[in-house]
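Enquirer: Residue numbers (our numbering): 13 to 301. Right, I'll just put the structure down here and ask away after.
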Amino acid sequence: MDGSHTSSAPPPGAGADWTIDQGWNSYSPAEHEVWTTLYERQTALLKDRACEPFLKGLEALDLHGDGIPDFRRINAELIGLTGWQVVAVPGLVPDAVFFEHLANRRFPAGRFIRTRDQLDYLQEPDVFHDVFGHVPMLTDPVFADYMAAYGRGGMRALSKGHLAHLARLYWHTVEFGLMRTDAGLRIYGAGIVSSRAESVFCLDEASPHRLGFDLIRVMRTPYRIDDFQPTYFVIPSLEELLAASLQDFGPIYEALEGLADIPIGETVPADQVLHIGTQTHHHERPGPQ
Ligand code: HBI
Ligand code: FE
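What follows is the structure, given as structure tokens:
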């Protein structure tokens with residue numbers, strides 16, 4: 013989600029940094045029930061699909077399924093683990109606000125939760141996508157450092173006009189990333205772990221390509237916001253992802269100037285191919301061109 017479309021002034025009731033009080037006491041029983049339904053469904057599915065750091069994060073933060081967690085309780089644990097905290101925001105926030113929060117180890121999470129008839133998909137990240145999807149990985153010190161490095165990189169990219177390239181890095185890792193493990197491919201992307209259908213599609217289906225992560229390749233690859241990803245990028249480890257983010261992006265941006273995007277769903281000879289997908293899912297649903 014690129015929040016650059018949001019207006020630059022925070023909405024009424026929000027701070028200058030767009031944060032609001034979570035207002036945990038004002039959630040209704042029905043809202044807590046939606047969280048519990050989603051939580052129980054996803055945890056049953058993710059046992060052999062999500063990566064160890066994610067599953068350990070779920071345990072460490074005790075995000076068990078009895079309703080929407082109170083950010084204050086999460087933060088009491090999370091800050092001690094990696095210095096991160098969750099802050100409530102009304103919805104998508106402007107790019108500069110988003111990156112500034114990440115650079116300071118604050119994860120901006122929507123406080124609202126989807127309704128029962130939106131269980132399977134919603135466009136804007138709600139508290140389930142943000143807190144169940146993103147926050148458990150922030151208990152891992154390496155990934156926590158990656159997210160802070162990404163925030164700093166975002167602040168720099170804004171000034172250099174390379175935001176689109178950097179957003180793709182976020183999308184193909186933080187939202188839809190896979191990793192190689194001794195037990196096989198595992199999910200670490202928040203957009204996948206918070207989606208029942210995509211948690212299956214990304215690992216089991218022959219349709220999507222699965223390619224080895226390469227920083228420039230990822231930054232040349234547009235992504236879908238309305239459907240499953242046609243291509244998933246696989247990192248060998250969180251350490252390698254962090255190392256890639258800590259290099260100087262100046263030469264990377266220069267190299268990208270002369271490189272065209274790689275059309276969605278296509279592969280190129282330099283790709284490290286783990287699986288060449290049939291692309292049948294996307295051939296049947298061409299989506300916006
Ligand atoms: N980018 N500018 C901006 N603002 C957001 O709120 C935002 C984003 N990118 C990704 C994103 N939110 C989602 O990953 C949320 O789940 C955090
Ligand atoms: Fe997200």
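Every residue gets a Cβ at the ideal spot worked out from N, C-alpha and C, and that includes glycine. Since we're looking at a predicted model, the values are computed, not measured.
Is there at least one non-hydrogen atom of the ligand HBI closer than 7 Å to the beta-carbon of F188?
Expert: False, no ligand heavy atom lies under 7 Å from that Cβ.
Enquirer: Is any non-hydrogen atom of the ligand FE found closer than 7 Å to the C-beta of H174, if you look at the structure I gave you?
Expert: Checking every heavy atom of the ligand FE against the Cβ of H174, none is found closer than 7 Å.
Enquirer: Out of curiosity, what's the CA-to-CA distance linking P148 and P65?
Expert: Each residue's alpha carbon lies about 8 Å from the other.
Enquirer: Let's see if you can read the secondary structure: which residues bound the beta strand (DSSP E) around P120?
Expert: Counting along the chain, the beta strand (DSSP E) containing P120 begins and ends at R118 to G122.
Enquirer: Do you know offhand how far I274's Cα is from G35's?
Expert: In a straight line, the C-alpha of I274 is about 44 Å away from that of G35.
Enquirer: Quick one, which of D260, Q291, L258 and R232 has its alpha-carbon nearest G270's?
Expert: Checking every option, the nearest Cα to that of G270 belongs to R232.
Enquirer: Spell out a yes or no on whether the region 108-116 and the region 157-167 are touching, meaning 3 or more CB-CB pairs, one atom from each, closer than 8 Å.
Expert: Touching, yes.
Enquirer: Decide if R198 is buried, meaning its Cβ has at least 16 other Cβ atoms within 10 Å, or exposed.
Expert: Counting Cβ neighbours within 10 Å, R198 comes out buried, since at least 16 surround it.
Enquirer: Any idea what DSSP makes of T31, helix, strand or coil?
Expert: Three-state DSSP puts T31 in coil, outside helix and strand.
Enquirer: Would the C-beta of A202 count as close to the ligand MN, meaning under 7 Å from any of its heavy atoms?
Expert: Of the ligands this structure carries, namely the ligand HBI and the ligand FE, none is the ligand MN.
Enquirer: Considering only C-alpha positions, which residue in the set G277, A56, S207 and E52 is nearest to L134?
Expert: It is S207.
Enquirer: Closer than 7 Å: is that where the CB of P137 sits relative to any heavy atom of the ligand FE?
Expert: Under cutoff, so the answer is yes.
Enquirer: By the DSSP assignment, the alpha helix (DSSP H) with L73 in it spans what residues?
Expert: Segment: none, L73 is in no alpha helix (DSSP H) and carries neither H nor E.
Enquirer: What does DSSP give as the partner residue(s) for F245 in the beta ladder?
Expert: The partner list for F245 (beta bridge, DSSP) reads L223.
Enquirer: Using 8 Å as the Cβ pair cut-off and three pairs as the minimum, do the region 170-177 and the region 25-44 touch?
Expert: As far as the Cβ criterion goes, the region 170-177 does not touch the region 25-44, which means the pair count is below three.
Enquirer: For C214 versus L190, is the C-beta distance shorter than 8 Å?
Expert: Yes, the pair counts as a contact, with Cβ atoms nearer than the cut-off.
Enquirer: Please report the distance separating the alpha-carbon of E266 from that of H177.
Expert: Distance between the alpha carbons of E266 and H177: 12 Å.
Enquirer: A6: which of D138, G196 and G224 sits nearest, CA to CA?
Expert: Because the chain here runs from 13 to 301, residue 6 falls outside it and cannot be looked at.
Enquirer: Would you kindly work out how many angstroms separate the C-alpha atoms of M13 and D194, rounded to a whole number?
Expert: In this predicted model, M13 has a pLDDT of only 43, less than 50, meaning its place in the structure is not dependable; the value taken from the coordinates is given anyway. Near 32 Å, if we compare the C-alpha coordinates of D194 and M13.
Enquirer: Which of helix, strand or coil does DSSP assign to L271?
Expert: Correct three-state label for L271: coil.
Enquirer: Would you mind sorting L181 into buried or exposed? The rule is 16 or more other CB atoms within 10 Å of its CB.
Expert: Buried.
Enquirer: Beta carbon of Q291, beta carbon of P242: below 8 Å?
Expert: For Q291 and P242, yes; Cβs fall inside 8 Å.
Enquirer: Which residues mark the beginning and the end of the alpha helix (DSSP H) in which M191 is found?
Expert: No alpha helix (DSSP H) contains M191, which is instead part of the beta strand (DSSP E) from L190 to T193.
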